[in-house]
Amino acid sequence: MAAGVAAAVVVAGLAVFGTGHPGQGIRLTSGAAWLASAKVGQVTLLDGSTAEVVGQVPVAAAGNAIEVVQQGMTAYAVDRTAGTIRRVDGATFAPTPPAAPIPQVTGGLTAFAGANSLYALDTQHGIVTQADPRTGAAVGEPQPMSAQLSGNTAVVDDAGRLWIIDTATGDLTRISGGRRTKQAVTSAGNAVMTLVGSSPVVVNTARRKAVVVDPDTGVARGTVDLDLRPDDTVQVSGSPHGSRLYIVASRGVVNVCDVGASVCDTAIPLAGKDLGEPVEAGNRLFVPDYGDGRVWIIDLTGRRVVGQARVLATGGRFQLLNRDGVVFFNNPDTEQAGVIRLDGTVVDVAKYDPRDPNAGVSTPTGTASPSGNPATAPTSTSTSTSTSTSASASSAPPSAALSPQASTTVPTPGEPSVALKIRVSKETPMVNEDVTMSVDVDGTPPSTAEWSFADGGTATGLPVSHHWPAAGNYLVTVQATMPDGRRGTASVKISVTVIPKYRLTVTTNAGGAVTSTDGKINCAPTSTCSYDYDQGTHVSLTAHAATDYALSQWGGDCSGQTCDLTMDSRKNVQALFKPTKVQLTVQIAAAGGSVTLNGHACGSCTMTFTTGDSVSVAAVPDEDHDFDTWDAATCANAHSPACTTQANTTRTIVARFKVKPKYTLTIQMIGQGSSWGRVRIDSTKSGTLFCTAGHSSTTVPPCPIQYTAGDNLVLTAQGTGGNAIVVGWRDDCSGFQRDQPCRLTMNGPHTATVEYDILH
Numbered sequence: 001m002a003a004g005v006a007a008a009v010v011v012a013g014l015a016v017f018g019t020g021h022p023g024q025g026i027r028l029t030s031g032a033a034w035l036a037s038a039k040v041g042q043v044t045l046l047d048g049s050t051a052e053v054v055g056q057v058p059v060a061a062a063g064n065a066i067e068v069v070q071q072g073m074t075a076y077a078v079d080r081t082a083g084t085i086r087r088v089d090g091a092t093f094a095p096t097p098p099a100a101p102i103p104q105v106t107g108g109l110t111a112f113a114g115a116n117s118l119y120a121l122d123t124q125h126g127i128v129t130q131a132d133p134r135t136g137a138a139v140g141e142p143q144p145m146s147a148q149l150s151g152n153t154a155v156v157d158d159a160g161r162l163w164i165i166d167t168a169t170g171d172l173t174r175i176s177g178g179r180r181t182k183q184a185v186t187s188a189g190n191a192v193m194t195l196v197g198s199s200p201v202v203v204n205t206a207r208r209k210a211v212v213v214d215p216d217t218g219v220a221r222g223t224v225d226l227d228l229r230p231d232d233t234v235q236v237s238g239s240p241h242g243s244r245l246y247i248v249a250s251r252g253v254v255n256v257c258d259v260g261a262s263v264c265d266t267a268i269p270l271a272g273k274d275l276g277e278p279v280e281a282g283n284r285l286f287v288p289d290y291g292d293g294r295v296w297i298i299d300l301t302g303r304r305v306v307g308q309a310r311v312l313a314t315g316g317r318f319q320l321l322n323r324d325g326v327v328f329f330n331n332p333d334t335e336q337a338g339v340i341r342l343d344g345t346v347v348d349v350a351k352y353d354p355r356d357p358n359a360g361v362s363t364p365t366g367t368a369s370p371s372g373n374p375a376t377a378p379t380s381t382s383t384s385t386s387t388s389t390s391a392s393a394s395s396a397p398p399s400a401a402l403s404p405q406a407s408t409t410v411p412t413p414g415e416p417s418v419a420l421k422i423r424v425s426k427e428t429p430m431v432n433e434d435v436t437m438s439v440d441v442d443g444t445p446p447s448t449a450e451w452s453f454a455d456g457g458t459a460t461g462l463p464v465s466h467h468w469p470a471a472g473n474y475l476v477t478v479q480a481t482m483p484d485g486r487r488g489t490a491s492v493k494i495s496v497t498v499i500p501k502y503r504l505t506v507t508t509n510a511g512g513a514v515t516s517t518d519g520k521i522n523c524a525p526t527s528t529c530s531y532d533y534d535q536g537t538h539v540s541l542t543a544h545a546a547t548d549y550a551l552s553q554w555g556g557d558c559s560g561q562t563c564d565l566t567m568d569s570r571k572n573v574q575a576l577f578k579p580t581k582v583q584l585t586v587q588i589a590a591a592g593g594s595v596t597l598n599g600h601a602c603g604s605c606t607m608t609f610t611t612g613d614s615v616s617v618a619a620v621p622d623e624d625h626d627f628d629t630w631d632a633a634t635c636a637n638a639h640s641p642a643c644t645t646q647a648n649t650t651r652t653i654v655a656r657f658k659v660k661p662k663y664t665l666t667i668q669m670i671g672q673g674s675s676w677g678r679v680r681i682d683s684t685k686s687g688t689l690f691c692t693a694g695h696s697s698t699t700v701p702p703c704p705i706q707y708t709a710g711d712n713l714v715l716t717a718q719g720t721g722g723n724a725i726v727v728g729w730r731d732d733c734s735g736f737q738r739d740q741p742c743r744l745t746m747n748g749p750h751t752a753t754v755e756y757d758i759l760h
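For the sequence shown, full-length UniProt numbering assigns the number 760 to the last residue and increments by one with no breaks.
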């Protein structure tokens, strides 16, 4: 396909709008599409139900070649000129910084995205790498590919696996989770790929065969013979939910094949000669005709052309894509875009103001999300009451929101409008759950009603019941004729979900194991295990205590001594085991005292107790130490030397002591006769010392003197000769008479001064 071609590629939940990517069935959650505008370097989010611009985000320099890869409501803007990828959040419109997953690649860069994966391809050099779906940056080393890469030789399936066909050998490469496997599925020759349902399909035009590949094994499981000429070039796409393969030959013929039945027995000629990849929606096939800027509309039930829609005034390339049953067209080189209704009505939309392209640029926010929250896949509901969904034949007002219960009513061309109301028993059924549907006009049922369920199934009459075998969004369409002859078409989106699974996570401690009666949970001691259960499953858990352990209780979503669960949400359970015998060890952190355990004195003691026993511990400090605290004793007062605690776990209790502080006693002697003075100091801890005047001969320690905190001292003033007499005490001893000893407690530094005189 030429560089200007803008073809829509939809790959297992993503829509790629760019060059050379084969169109595939849509698997997304809301009828809104990101569209590229290369001329101004922007991507635009267009709401299909209202045909309004929801977001407008700059992602590249104006004029750069850009593609859009869409996953859910997230867009990946691929700047082929700069060789970068930017992720645009569908809820906030915030773009990430440009990332270059493959260095020094520009024009050949393209990308494919799955639900939890992103792949970057360099089609010029034959390189593929996995990228971080949150940032676009590479998460592994680039891998060279012998295959000649292009957009239409690769697809990503529902499981996020990348498939690449090598046209030179016929080998099919599968990349998943960092692993790459290769399988021969066809012979060498011109080949392209698409998805039909969940299966990759290789169309080999040289062999005139379509090869259906098992998505789990990568092995060919069937072939379909194709009615192709040697000089045919083809555009291919597949039904997102059914088994139909669509092949548009360059000579102007659309072939509809059933790969499940291995037949290709429908050929529909078209007048156009420059045709693009077809798009399926509402049991209709939309085929772009680039020759004169229009789209052919084929009724897949009647297998005939039922209309055409002109999207460009003159011929030219444009993109065509399906988003949840809404068909979009886009001209990436201009502001032109829009929506094509099932009856061929075209609603034109300007993606930006060509006079001021930045006028409508969106400001990233934390709350923006088009029409509710389409970034989140629909979840099942438990209600089954009948609900009515309707819309008038005219276009929805600008304020209309994307809504899963909104239906569109279209009058048959040339006849009066009729406001059909589709009533469904449930808009979000689960897989294989029957949904009952009816249609009326203000309570009046039509004479006839023909239904199409978007999965290949059809029905007639009222009411009808249908179920879908696979999860996805299906646009149900009904064509009705009223008793007065008026005719109309209405459609409604049905979001089919898988049966929800909820994860049960069980955590055990060292005391035991846990099993479930169904065998799905088997948790060893000190482990965490989990299992994903179907919604509504009843689970019974059993605790198995180890020797010398017992179940204390269940925690989390269980309590007490039993655990029975109904999986209606994510559950977390803890099995809490406790020992029946525990050991307590009492020891000291360092020197400074001794300890006792239940009256047994020791430096370090260990004893075994029954869980829950009351235990007494005591700390006895040395003379020059004080008790400080207990470690891990769980005492009411951790600073009390005597403590009672519980033997609830095996542990070590540590007693910590601290050295008592020392304070200085300063002795001073003043006055006449002080040179003959002496003070006797009697300590309860240190004995007796003397402090004498400097001229006297002495062997006692000098003054000042240090004493341990709490020491009690008795100071006696004496004269040693020279007619020295004591006049009195001063400073900290001033409260004592001259003929009395001074008594001090060393709770801080003290100064004792004795005044002397000479007896004449």
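Note that CB positions come from ideal geometry on N, CA and C, so glycine has one too. Predicted model only: the values in this text are computed from it and were never measured.
Open item on the list: The beta strand (DSSP E) that contains Thr84, what's its start and end?
Closed with: That run of the beta strand (DSSP E) goes Thr84 to Val88.
Task: Other residues of its chain near Val59: CB distance less than 8 Å, five sequence neighbours each side excluded - done: In chain order, Gly41, Gln42, Val43, Ile66, Ala77, Asp79, Arg86, Val88 and Pro95 place their CB closer than 8 Å to the CB of Val59, counting only its own chain and leaving out the 5 sequence neighbours on each side.
Open item on the list: Excluding the 5 residues flanking Glu415 on each side, which residues of the same chain have their C-beta closer than 7 Å to its C-beta?
Closed with: Caution applies to Glu415, whose pLDDT of 47 falls short of 50 and renders its modelled position unreliable; the value that the coordinates give is listed next. For Glu415, where only same-chain residues beyond five positions count, the Cβ hits under 7 Å are Arg486 and Arg487.
TODO: Check each candidate in Ala36, Pro133, Gly83 and Thr92 and name the one with the smallest Cα separation from Gln71.
DONE: Pro133
Open item on the list: Please state the DSSP three-state secondary structure of Arg153.
Closed with: What sits at residue 153 in the sequence shown is Thr, not Arg. Helix.
Task: Same chain, Cβ closer than 7 Å to Ala601, neighbours up to 5 away in sequence not counted - done: Ser594
Open item on the list: Just to confirm my understanding: we take Pro446, look at its own chain, exclude 5 residues before and 5 after, and list those with CB closer than 6 Å. What are they?
Closed with: If the five residues before and after Pro446 are omitted, its C-beta is found closer than 6 Å to the C-beta atoms of Ala480, Thr481 and Met482, all from its own chain and listed in chain order.
TODO: Could you tell me if Val435 is buried or exposed, where buried requires 16 or more neighbouring beta carbons within 10 angstroms of its beta carbon?
DONE: Counting the other Cβ atoms within 10 Å of the Cβ of Val435 gives 16 or more, which makes it buried.
TODO: Leaving out five residues on either side along the sequence, give the residues of the same chain with a beta carbon under 8 Å from the beta carbon of Asp274.
DONE: Asp289, Tyr290, Gly291 and Gly315
Task: Residue-chain proximity (Arg743, chain D), Cβ-Cβ < 8 Å - done: Chain labels in this structure do not include chain D; a single protein chain is all it has.
Task: Span separating the alpha-carbon of Gly599 from that of Pro641 - done: 13 Å
Task: Selected residue, minimal CA-CA separation from Val346, among Pro364, Val295, Pro332 and Arg317 - done: Val295
Task: Proximity to Arg423 [Cα-Cα], best of Trp451, Thr334 and Met430 - done: Selected option, being the one with the closest Cα: Trp451.
Task: Distance between Gly238 and Gly25 (C-alpha atoms, nearest Å) - done: Bear in mind that the predicted position of Gly25 carries a pLDDT of just 32, short of 50, making it unreliable; the figure below should be weighed with that in mind. Cα to Cα, Gly25 sits roughly 6 Å from Gly238.
Open item on the list: For Thr596 and Pro621, what's the separation of their Cα atoms in angstroms?
Closed with: 12 Å
Task: Three-way DSSP call (helix, strand, coil) for Ser675 in this model - done: helix
Task: Delimiting residues of the beta strand (DSSP E) encompassing residue 848 - done: No statement about residue 848 is possible, as the shown extent of the chain runs from 1 to 760 and does not include it.
Open item on the list: Helix, strand or coil for Gln737? Go by DSSP, reduced to three states.
Closed with: Gln737: coil per DSSP, three-state reduction.
Open item on the list: By DSSP's criteria, Gly728 is part of a beta bridge. Which residues make up the other side?
Closed with: The partner list for Gly728 (beta bridge, DSSP) reads Glu755.
Open item on the list: Our contact map puts Val68 next to Leu35 with C-beta atoms below 8 Å; I'd like the distance itself, whole angstroms only.
Closed with: 7 Å
TODO: Go through its chain and collect everything with a Cβ distance to Ala138's Cβ below 6 Å, but skip five positions before and after it.
DONE: Pro101, Thr129 and Ala131
Open item on the list: Please identify the residue among Ile494, Trp554, Ala575 and Leu118 whose C-alpha is closest to the C-alpha of Ser527.
Closed with: Distances from the CA of Ser527 to each of Ile494, Trp554, Ala575 and Leu118 were compared; the closest alpha carbon is that of Ala575.
TODO: Could you pull out every unbroken alpha helix (DSSP H) segment of at least 4 residues lying fully inside the segment 504-559, listed in chain order?
DONE: none
Task: Ser237 (DSSP reduced to helix, strand or coil) - done: strand
- [ ] Would you decide whether Glu623 is buried or exposed? Buried here means 16 or more other CB atoms lie within 10 Å of its CB.
- [x] exposed
Open item on the list: Less than 6 Å between C-beta atoms, sequence neighbours within five positions excluded: which residues of the same chain meet that for Asp682?
Closed with: Thr688 and Val714
Open item on the list: Let me confirm a value: Asn322 is counted as buried when at least 16 other C-beta atoms fall within 10 Å, else exposed. Which label applies?
Closed with: buried
- [ ] Assign Gly488 to one of three DSSP states: helix, strand, or coil.
- [x] strand
Task: Exposure of Asn255, with buried meaning 16 or more beta-carbon neighbours within 10 Å - done: buried
- [ ] Apply the 10 Å Cβ neighbour rule to Asn204 and answer buried if 16 or more other Cβ atoms are within range, or exposed otherwise.
- [x] buried
Task: Same chain, Cβ closer than 8 Å to Asp739, neighbours up to 5 away in sequence not counted - done: Once the five neighbours on either side are set aside, the close Cβ partners of Asp739 are Val726.
Task: Classification of Ile670 by the beta-carbon crowding that lies within 10 angstroms, buried from 16 upward - done: exposed
TODO: Within 10 angstroms of the Cβ of Gly136, are there 16 or more other Cβ atoms? Answer buried if so, exposed if not.
DONE: buried
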